[in-house]
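S.K.:
Residue numbers (the numbering used here): 310 to 646.
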């Protein structure tokens, strides 16, 4: 067993450990995939998790930016080439963190071999992995958006790029409906933004675009100090309807997915869409708390995807999608979701 192969085995063990410790429902859905794809998802998740943590830590912004720039350069260097290779580190590490509160070298050593191996095996274009870092770097520089187009670009970096990388792991028949894939990521991230209105306000952040909230007679202060207000409620309902349309477009990815990837995609889509419905039913709730799914909903979604007979009875397309003249539109017969 070569040194490089030992490093790869150790790296996959590390990314599985990072994913498992996250406690995320996203991690639980990995178990719907075959072993090799599950390991690749762990590598992608660990990379995205550490990238997010670098952006969200309590260090000064200048230091966070330096770390992210170094992390991006290191990622780019390690995505070059094939096979098992020693981890490459960008120059300048000695100038980044005199307090060493974040061990970037260890993170790179733990994650990069598995990430490179997964990217090569599943032909994930490096641009999507680098765009994940770009999204977190953008969050350091801008937490206000004048237009929805600006918000769309941000959501693409932090969500759609991740989703497209996932699609390469899950497998799809060409051509991939790229707009649907992008829209699915936008739907997920817009749902996150709506759920986190009060939490983001407490951090001085506003992600809903100015052009939208000003149309409802709201000002920045109304978003930084949210309270029950008919104008804010109308704004939130408008955004939920926009997200619902993106979910509908995003479901079209289903038609191109390999069977291996369909259960995980379905579980993620239905989880986020259920969360959006919870917000649509009571938009005022986001003013005071972080809206989440109850235990019953979570157990139901997990059971419907991990228990074969329940999974095969899931409607395709999902019930949340639009109907035409009162009848469900489906070209898939009784295919499972």
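Using N, Cα and C, we set each Cβ at its ideal position, and we do this for glycine too.
1) Quick one: measure Cβ to Cβ for residue 447 and residue 466, integer angstroms, because I've assumed they're closer than 8 angstroms.
2) Could you have a look at residue 267 and say whether DSSP puts it in helix, strand or coil?
3) Unbroken alpha helix (DSSP H) runs of length 4 or more, entirely within the stretch 348–405: which are they?
4) By the three-class DSSP mapping on this structure, what secondary structure does residue 566 have?
5) Measure the alpha-carbon distance for residue 659 versus residue 434 and round it to whole angstroms.
6) In or out: residue 461 buried (at least 16 other Cβ within 10 Å) or exposed?
7) Restricting to Cα atoms, I'd like to know which of 398, 375, 426 and 428 is closest to residue 417.
8) Rank 585, 597, 622 and 598 by C-alpha distance to the C-alpha of residue 606 and give the top, closest one.
9) Span of the alpha helix (DSSP H) holding residue 322?
10) Since I believe residue 388 is in contact with residue 438 (beta carbons under 8 angstroms), could you give me their beta-carbon distance rounded to a whole number of angstroms?
11) Considering residue 465, what are the terminal residues of the alpha helix (DSSP H) in which it resides?
12) Would you mind reading off the limits of the alpha helix (DSSP H) that contains residue 525?
13) When you compare each of 354, 401 and 421 to residue 375 by their alpha carbons, which one comes out closest?
14) Assuming residue 491 is part of the alpha helix (DSSP H), what are its boundary residues?
M.R.: The answer reads as follows:
1) One-based indexing of the chain shown puts residue 447 at position 138. One-based indexing of the chain shown puts residue 466 at position 157. With a Cβ gap of about 6 angstroms, residue 447 and residue 466 count as contacting.
2) This structure cannot speak to residue 267, because the chain is shown only from 310 to 646.
3) As far as the stretch 348–405 is concerned, its whole alpha helix (DSSP H) runs of at least 4 residues are 370–387.
4) For the purposes of this step, residue 566 is taken as the residue at position 257 of the chain shown. In the structure shown, residue 566 sits in a strand (DSSP, three-state: E or B).
5) An answer regarding residue 659 cannot be provided, because it is not within the stretch 310 to 646 covered by the chain.
6) Here the question's residue 461 lines up with position 152 in the chain shown. Under this definition residue 461 is a buried residue.
7) Here the question's residue 417 lines up with position 108 in the chain shown. Taking only the C-alpha atoms, the option nearest residue 417 is 398.
8) Looking up residue 606 in the chain shown gives position 297. Comparing Cα positions, the closest option is 585.
9) Against the chain shown, residue 322 aligns to sequence position 13. Secondary structure note for residue 322: its alpha helix (DSSP H) is the uninterrupted segment 312–331.
10) Walking along the chain shown from the start, residue 438 turns up at place 129. Walking along the chain shown from the start, residue 388 turns up at place 79. Indeed they touch by this definition, with Cβ atoms about 7 angstroms apart.
11) The count along the chain shown starts at 1 and reaches residue 465 at position 156. Where residue 465 is concerned, there is no enclosing alpha helix (DSSP H), given that its DSSP letter is neither H nor E.
12) Here residue 525 refers to the residue found at position 216 when the chain shown is read from its first residue. Per DSSP, residue 525 belongs to no alpha helix (DSSP H) and is neither H nor E.
13) In the chain shown, counting from the first residue as 1, residue 375 sits at position 66. The option with the nearest alpha carbon to residue 375 is 401.
14) To locate residue 491, count along the chain shown from 1; it is residue 182. Start and end: 487–504.
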